[in-house]
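> Note that the UniProt record's numbering has the sequence shown beginning at 1, numbered continuously upward.
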Amino acid sequence: MRHVGVVVNPTAGKGRGAQAGRRVHELLVARGMKVEDLSAPTLAQATDRARAAAVHGLDALVVVGGDGMVHLGANVVAGTALPLGIVPAGTGNDIARALGLPRGDVEAAVDVVERALDAGPRRIDAVRVGTPEHSAHEWFLGVLSCGIDAAVNARANTMTWPAGSARYVRALAAELASFRPYGYRVTLDDRTWESAGTLVAVANVPSFGGGLRIAPDASVDDGLLDVVVAGPLSRSAVTRIFPGIYQGRHVHHPAVTVVRSRSVLIEPLLDTGAAPPAAFADGERVGPLPLRVQVDPGALSVLA
Numbered sequence: 001m002r003h004v005g006v007v008v009n010p011t012a013g014k015g016r017g018a019q020a021g022r023r024v025h026e027l028l029v030a031r032g033m034k035v036e037d038l039s040a041p042t043l044a045q046a047t048d049r050a051r052a053a054a055v056h057g058l059d060a061l062v063v064v065g066g067d068g069m070v071h072l073g074a075n076v077v078a079g080t081a082l083p084l085g086i087v088p089a090g091t092g093n094d095i096a097r098a099l100g101l102p103r104g105d106v107e108a109a110v111d112v113v114e115r116a117l118d119a120g121p122r123r124i125d126a127v128r129v130g131t132p133e134h135s136a137h138e139w140f141l142g143v144l145s146c147g148i149d150a151a152v153n154a155r156a157n158t159m160t161w162p163a164g165s166a167r168y169v170r171a172l173a174a175e176l177a178s179f180r181p182y183g184y185r186v187t188l189d190d191r192t193w194e195s196a197g198t199l200v201a202v203a204n205v206p207s208f209g210g211g212l213r214i215a216p217d218a219s220v221d222d223g224l225l226d227v228v229v230a231g232p233l234s235r236s237a238v239t240r241i242f243p244g245i246y247q248g249r250h251v252h253h254p255a256v257t258v259v260r261s262r263s264v265l266i267e268p269l270l271d272t273g274a275a276p277p278a279a280f281a282d283g284e285r286v287g288p289l290p291l292r293v294q295v296d297p298g299a300l301s302v303l304a
């Protein structure tokens, strides 16, 4: 009998997570699996419970929620042989979108988990991020942002309305009121970008924020990161460019550059602009710059 740990974010999708979690439990049990509920009141407690269960023997860890829950799962299983199953139940679900997983259909998502357990998991890239002075790091699977995109993410996290990417539009409008370009030094494998800038994003998947295609050509299994940088833009220019992110058209703007790299060092450069905001990855706060980002090819097994 397979032993599966399940972690549910009950608040995901405006409360749909709790209902989805109950259904996932029922479906996995009906398929003959032993199911252990590892959910907890906080993400930190749930992470601790999942790590303890993994040490004592699981055949898979299944997370039910949005990108934040996938982030939790990645930080439990990345670098190990334990596979991660994902049942999308959040408002964004950008990592699930990149993996081609069913969204809005719990039974179909559980079917994928079961089939992948039988056939074997898929190996995808995971990304380490941490301060350059220390070896400690955390993992992410989606997009790390540390420009106006991060400031908008932080503001959007304080909002309860509207849902999905519309929340980012509302947060952007509020954030632009006090915006001025930030100062950066971005060191890549083969070049360095130093400039006042509007946006710096390091992407392992094409979209974030519920479908904003920040790096439309990013792939989860190519061993490379798509690094998107935008030079200093006025508030009106940001407003004009932003709608094009839904289709990825912003990458054609002359102020925007996309470079592929295996590693990225992002530092604040305060003599060229304002202090950049704290970085976010998979929608979760990582912390202030400087940060070193490194892709680890095939570091995570996913049931997809």
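The beta carbon of each residue, even a glycine, is placed where N, CA and C say it ideally should be.
(1) Cβ atoms of LEU99 and residue 312: under 8 Å apart, would you say?
(2) Output the distance between the C-alpha atoms of GLY120 and LEU303, rounded to the nearest integer angstrom.
(3) When DSSP labels each residue in this structure, what does ALA109 get in the three-state scheme?
(4) Let me know if PRO162 comes out buried or exposed under the rule of 16 or more other beta-carbons within 10 Å of its beta-carbon.
(5) Would you call the CB atoms of VAL4 and ALA50 closer than 8 Å?
(6) Judging by CA-CA distance, which residue of ASN93, ILE124 and ARG123 is the nearest neighbour of ALA109?
(7) For the putative contact between VAL186 and VAL264, defined by C-beta atoms under 8 Å, what is the C-beta separation to the nearest angstrom?
(8) May I have the straight-line CA-CA distance separating GLY104 from GLU26, to the nearest angstrom?
(9) Can you look up SER263 in the DSSP assignment and give me helix, strand or coil?
(10) Does the pairing of the segment 167-174 with the segment 57-72 give three or more beta-carbon distances under 8 Å?
(11) Distance check for HIS134 and GLU36, CA to CA, integer angstroms please.
(12) In three-state DSSP terms, what is ASP296?
(13) Can you tell me where the beta strand (DSSP E) holding VAL202 begins and where it ends?
(14) Find the nearest neighbour of ALA274 within the set ARG180, LYS34 and VAL293, judged by alpha-carbon distance.
(15) Within 10 angstroms of the Cβ of GLY197, are there 16 or more other Cβ atoms? Answer buried if so, exposed if not.
(16) Leaving aside the five residues before and after ALA215 along the sequence, list all residues of the same chain whose C-beta is less than 6 Å from its C-beta, in chain order.
(17) Kindly indicate which three-state DSSP category ASP48 falls into: helix, strand or coil?
(18) According to the neighbour-count rule (16 or more other Cβ atoms, all chains shown, within 10 Å of its Cβ), is GLU175 buried or exposed?
(19) Expressed to the nearest angstrom, what Euclidean distance is found between the alpha-carbon atoms of ARG123 and ILE241?
(20) Can you tell me where the alpha helix (DSSP H) holding HIS249 begins and where it ends?
(21) Have a look at ILE148, GLY85 and ALA44 and flag the residue whose alpha-carbon is nearest the alpha-carbon of ALA230.
(22) Rounding to the nearest angstrom, what Cα-Cα distance links LEU43 and ILE86 in this structure?
(23) Return the residue from the list THR91, PRO83, GLN19 and VAL129 that minimises the CA-CA distance to ARG115.
(24) Output the residue ranges of the beta strand (DSSP E) runs that lie fully inside the segment 167-203 and measure 3 residues or longer, sorted by chain position.
(25) Between the C-alpha atoms of ALA18 and PRO288, what's the straight-line distance to the nearest angstrom?
(26) Taking 8 Å as the cut-off, decide whether the C-beta atoms of PRO268 and PRO277 are in contact.
(27) Can you tell me the Cβ-Cβ gap for SER145 and ALA255, rounded? I've got them flagged as a contact below 8 Å.
(28) Taking a contact to mean a Cβ-Cβ separation below 8 Å, would you say ALA89 touches ALA20 in this structure?
Put simply:
(1) The shown model of the chain, from 1 to 304, leaves out residue 312, and the question about it has no answer.
(2) Their Cα atoms are separated by approximately 8 Å.
(3) Judged by DSSP in its simplified three-state form, ALA109 adopts helix.
(4) Within 10 angstroms of the beta-carbon of PRO162 lie fewer than 16 other beta-carbons, which makes it exposed.
(5) In this structure, ALA50 does not lie closer than 8 Å to VAL4 by Cβ.
(6) With distances taken between CA atoms, ALA109 lies nearest to ASN93 out of ASN93, ILE124 and ARG123.
(7) In this structure, VAL186 and VAL264 form a Cβ contact; the two beta carbons are roughly 6 Å apart against a cut-off of 8 Å.
(8) Between GLY104 and GLU26, the C-alpha separation is close to 17 Å.
(9) In the structure shown, SER263 sits in a strand (DSSP, three-state: E or B).
(10) No, because fewer than three Cβ pairs between the segment 167-174 and the segment 57-72 fall closer than 8 Å, the two stretches do not touch.
(11) Cα to Cα, GLU36 sits roughly 35 Å from HIS134.
(12) Here ASP296 sits in strand by DSSP.
(13) Looking at the DSSP string, the run of the beta strand (DSSP E) that includes VAL202 is 199-203.
(14) The shortest Cα separation from ALA274 among ARG180, LYS34 and VAL293 belongs to ARG180.
(15) Result: buried.
(16) So the qualifying residues of the chain are ALA203, PRO206, ASP226 and VAL228.
(17) Helix at ASP48.
(18) GLU175 is classed as buried because its beta carbon has at least 16 other beta carbons within 10 Å across all chains shown.
(19) Approximately 35 Å between the Cα atoms of the pair.
(20) With the sequence shown as reference, residue 249 is identified as Arg, and His is not the correct amino acid for it. It is not in any alpha helix (DSSP H) - ARG249 carries neither H nor E in the DSSP assignment.
(21) Per the C-alpha coordinates, the member of ILE148, GLY85 and ALA44 positioned closest to ALA230 is ILE148.
(22) When rounded, the distance between both Cα atoms is 16 Å.
(23) ARG115 has its Cα closest to that of PRO83, out of THR91, PRO83, GLN19 and VAL129.
(24) The qualifying runs are 182-187, 192-197 and 199-203.
(25) Looking at the two C-alpha atoms, the distance is approximately 32 Å.
(26) The answer is no: Cβ separation not under 8 Å.
(27) Not quite, the Cβ-Cβ distance comes to about 17 Å (not below 8 Å), so this is no contact.
(28) At a Cβ-Cβ threshold of 8 Å, ALA89 and ALA20 count as neighbours.
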